[in-house]
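Asks: Below: one structure in C-alpha cells.
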Amino acid sequence: MREVYEQTQEAAAYIRERWAETPQAGVILGTGLGAIADEIDDPIIIDYAQIPHFPRSTAISHAGRLVCGRMAGVPVGAMEGRFHYYEGYSLKQVTLPVRVMKALGADLLIVSQAAGGMNPYFRIGDVMLIDD
Numbered sequence: 007m008r009e010v011y012e013q014t015q016e017a018a019a020y021i022r023e024r025w026a027e028t029p030q031a032g033v034i035l036g037t038g039l040g041a042i043a044d045e046i047d048d049p050i051i052i053d054y055a056q057i058p059h060f061p062r063s064t065a066i067s068h069a070g071r072l073v074c075g076r077m078a079g080v081p082v083g084a085m086e087g088r089f090h091y092y093e094g095y096s097l098k099q100v101t102l103p104v105r106v107m108k109a110l111g112a113d114l115l116i117v118s119q120a121a122g123g124m125n126p127y128f129r130i131g132d133v134m135l136i137d138d
C-alpha cells in the first residue's frame, strides 16, 4: 500500500508544479463528454503520459489529458478519459487518478459515463445518478 501512496504523491506533486490551485472538484469525463473540458477557463493541460505513474488512455474518443482551471469560477481538474480494469490495468492503476484528485485537495468527484438501464421509464438522454 505504501507504493500506491508514494505513486499518488509523486503524481500530485507533478501536477502541483504546473497548477498552483486546489481543485474543489475532480471531474472524470467518460465517452462522449470530453468536450466539456473545453469550457474550462485558463486551462493548464497535462497529457497523461507526462504524469508519473498515470496509465495511458486506450479509448480512441478519450484525449488522455488532465485539464486544470476554472469552471464557473470554481477550480476543477478534469480528466479527458479514464482507465478500465477490462483494458488490462490493475485496480491500483484504475483508481490512481481518484487518489490523485483527493491528494490535490478535491472533496468532490464527478464521474461521467455512457450507461444503459433496464428501467422502462428511462429514456434516451436521461441522466442517471449512481450513489455508491
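For reference, each letter of the sequence shown is one residue, going 7 to 138 in this note's numbering. Beta carbons: idealized from backbone N, C-alpha and C, even for Gly. Only a predicted model underlies this, so the values are computations on that prediction, with no experimental measurement involved.
1. Nearest CA to the CA of L72: which residue from Y91, A78 and A41?
2. Nearest to D48 by CA position, among Y11, W25 and N125, is which residue?
3. The alpha helix (DSSP H) that contains E23, what's its start and end?
4. Does the structure place the segment 26-38 close enough to the segment 83-95 that three or more beta carbon pairs sit under 8 Å?
5. Would you mind sorting P126 into buried or exposed? The rule is 16 or more other CB atoms within 10 Å of its CB.
6. Indicate whether A17 and I50 have their beta-carbon atoms separated by less than 9 Å.
7. According to DSSP, is G129 part of a helix, a strand, or is it coil?
8. How would you label A43, buried or exposed, when you count the other beta carbons within 10 angstroms and need 16 or more for buried?
9. For A84, which residues does DSSP report across the bridge?
10. For C74, which option in T28, R129, L97 and A109 has the closest C-alpha, if you only look at C-alpha atoms?
11. Around the C-beta of F89, are 16 or more other C-beta atoms found within 10 angstroms, so that it is buried, or is it exposed?
12. Could you give the residue range of the alpha helix (DSSP H) that holds P103?
13. Distance check for F128 and A112, CA to CA, integer angstroms please.
Replies: In terms of the structure at hand:
1. Looking up residue 72 in the sequence shown gives position 66. Nearest C-alpha to L72 among Y91, A78 and A41: A41.
2. Against the sequence shown, residue 48 aligns to sequence position 42. The shortest Cα separation from D48 among Y11, W25 and N125 belongs to W25.
3. Here residue 23 refers to the residue found at position 17 when the sequence shown is read from its first residue. Counting along the chain, the alpha helix (DSSP H) containing E23 begins and ends at R8 to R24.
4. Touching, yes, given that three or more Cβ pairs across the two stretches are closer than 8 Å.
5. Taking the sequence shown and counting its residues from 1, the one referred to as residue 126 is at position 120. Exposed.
6. As a first step, residue 17 is located in the sequence shown; it is residue number 11 there, counting from the start. As a first step, residue 50 is located in the sequence shown; it is residue number 44 there, counting from the start. Result no, Cβ atoms of A17 and I50 do not sit closer than 9 Å.
7. Numbered from 1 along the sequence shown, position 123 holds the residue referred to as residue 129. Per the sequence shown, residue 129 should be read as Arg rather than Gly. DSSP places R129 in coil when its eight states are reduced to three.
8. Here residue 43 refers to the residue found at position 37 when the sequence shown is read from its first residue. A43 counts as buried, since at least 16 other C-beta atoms from the protein chains shown sit within 10 angstroms of its C-beta.
9. Numbered from 1 along the sequence shown, position 78 holds the residue referred to as residue 84. A84 is bridged to V33 and V73.
10. Here residue 74 is taken as the residue at index 68 of the sequence shown, counted from 1. Restricting attention to T28, R129, L97 and A109, the CA atom closest to the CA of C74 is found in T28.
11. Mapped onto the sequence shown, residue 89 falls at position 83. Buried is the call here.
12. Here residue 103 refers to the residue found at position 97 of the sequence shown. Looking at the DSSP string, the run of the alpha helix (DSSP H) that includes P103 is L97 to L110.
13. Here residue 112 is taken as the residue at index 106 of the sequence shown, counted from 1. Here residue 128 is taken as the residue at index 122 of the sequence shown, counted from 1. Distance between A112 and F128, taken at the CA atoms: about 31 Å.
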